DNA sequence: CCTAGAAAATGACCACGGTCAATAATTAAA
DNA sequence: TTTAATTATTGACCGTGGTCATTTTCTAGG
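Residue numbers (the working numbering), protein chains in the order written: chain A, 1 to 191; chain W, 1001 to 1191.
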């Protein structure tokens, strides 16, 4: 029979997460070191890995949490009416996702879960984002020749492409939005 | 004044690359260890890093080389006439790019160079691929409402999206091509 | 309370990528 | 040929993520 989770366990876990958030706040996601986290949390290194599968699992959790707050905000908004508005609405999220090269890499790596049983926080947010976009696209009625879910996946693909160029010398003179809008127009408003 | 590169240097470099290729051939890209490479090449560890900035730089070189061979083949082919044919033509390349999760991750990370001066082998192949597609799309004349280079970038974005799903539990029941074709149809043949 | 057994925490240890001061080999000029 | 300058190689060492047998703490049953 499985015993209830001890209060101690929850406290330790909370301390580890808090310590990581502190480091991120005072320097960056990239600068986070497991050794530094356990030092601040006052635990041994092994304890970290008893709570999180690996360092990236904690990153998944923290970054996924941040993304979820952006999605909460998006859900409050009315459906955008134009490709331009859609891009505009997604910009805060896109800016966060590309705030650091390291963050973008983690997001890419975790955006699709290899197995159903390990759909993590970030992968879940991608599912949520598609749902939000499907609702928006249903309302806006851009294209009637292809299903809404295909449209939403396309928006996702172009958003990733636009974001990737932020780290690409050939394109980073342009802002993410400047790259995103032409894609969206061509995708959602052909002809 | 810069001296000529020593023959010894080229030999050492060739031995390192050959050793790495051996390991990849007998196991996998992921299994490559710097220690094992230098052991087989008969050099010291430091020598490796005198020739390559880091482990990934050698991966960039080797994977970029493989991709280039696929592009050589694509350049020999006539321009595809339909979205389906385009997807079909790109499948061998897509299959290689997703032969290992690790390989796909490296490709994603190196597909855009952070600075003009360090456009590496993989980043260069992405430029080449866009050029090939621009020629194809010019010939095929799918869409006249948007420029060819935008069309080509879209094909790229959807190819990445279709490939990514190979490692995603939600979609990997479908083949890459099954996912790629609907995107391409919707992108290149709207209405 | 006491105790058995489960859950949690520990820290020495390992794997592996990467560094750098010291050394060896090569080259061009005297 | 000798020598000085340049280039290539070396391997001990480090940083950091991750493991696991052992120890400590907690909990339920008597």
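Positions of the beta carbon are idealized from the N, C-alpha and C atoms, including for glycine.
Bear in mind the structure is a predicted one, so any value in this text is a computation, not a measurement.
* Asked: Measuring CB to CB, does residue 133 of chain A end up less than 8 Å from residue 142 of chain A?
  -> no
* For residue 170 of chain A, name the three-state secondary structure that DSSP assigns. => coil
* To do: Give a yes or no on whether the minimum CB-CB distance between residue 1121 of chain W and chain A is below 8 Å.
  => no
* Label residue 42 of chain A either buried or exposed according to how many other C-beta atoms from any shown protein chain fall within 10 Å of its C-beta, with 16 as the threshold for buried. => exposed
* Where residue 1182 of chain W meets chain A, residues with beta-carbon distance less than 7 Å -> 150
* Cα-Cα separation between residue 24 of chain A and residue 180 of chain A, rounded to whole angstroms -> 28 Å
* Asked: Alpha carbon to alpha carbon, what distance is there between residue 1187 of chain W and residue 20 of chain A?
  -> 42 Å
* Note down the Cα distance separating residue 1085 of chain W from residue 14 of chain A, rounded to an integer number of angstroms. => 53 Å
* Could you list which residues in chain W have their beta carbon closer than 7 Å to that of residue 168 of chain A, in chain order? => 1112, 1113
* the segment 1043 to 1068 of chain W: which residues have C-beta closer than 7 Å to a C-beta of chain A, in chain order? -> none
* Contact under 8 Å by Cβ, residue 22 of chain A with residue 40 of chain A -> yes
* Asked: Does the beta carbon of residue 142 of chain A sit closer than 8 Å to a beta carbon anywhere in chain W?
  -> no
* **Inter-residue Cα distance where the pair is residue 125 of chain A and residue 149 of chain A** => 16 Å
* Asked: Rounded to a whole number of angstroms, what is the C-alpha to C-alpha distance between residue 139 of chain A and residue 1162 of chain W?
  -> 26 Å
* Test item: CB-CB of residue 1087 of chain W and residue 1074 of chain W under 8 Å -> no
* Using a Cβ cut-off of 9 Å, pull out every chain A residue sitting near residue 1165 of chain W, in sequence order please. => 112
* Asked: Is residue 121 of chain A near the ligand PLP, in the sense that its beta carbon is under 7 Å from a heavy atom of that ligand?
  -> The ligand PLP is absent from the structure shown, which contains no ligands of any kind.
* Near residue 165 of chain A, which residues of its chain fall below 8 Å by C-beta distance, leaving aside the five closest residues on each side in sequence? -> 171, 172, 174, 176, 179
* Between residue 47 of chain A and residue 102 of chain A, what straight-line distance do the alpha-carbon atoms span, to the nearest angstrom? -> 25 Å
* Asked: Relative to the alpha-carbon of residue 112 of chain A, which residue among A:118, A:52, A:106, A:123 has its alpha-carbon at the smallest distance?
  -> A:123
* **Proximal residues, the segment 90 to 113 of chain A versus chain W, C-beta separation under 8 Å** => 101, 105, 108, 109, 111, 112, 113
* Are residue 1130 of chain W and residue 1095 of chain W close, meaning C-beta to C-beta below 8 Å? -> no
* When you compare only the Cα positions, how much space is there between residue 183 of chain A and residue 158 of chain A? -> 6 Å
* Asked: Shorter than 8 Å from the beta carbon of residue 1146 of chain W to some beta carbon of chain A?
  -> yes
* Compute the Euclidean distance between the alpha carbons of residue 1078 of chain W and residue 1137 of chain W, then round it to the nearest angstrom. => 11 Å
* To do: State yes or no: is the beta carbon of residue 25 of chain A nearer than 8 Å to at least one beta carbon in chain W?
  => no
* Could you pull the start and end residues of the alpha helix (DSSP H) that residue 1163 of chain W belongs to? => 1148 to 1164
* So, using beta-carbon positions, are residue 98 of chain A and residue 51 of chain A closer together than 8 Å? -> no
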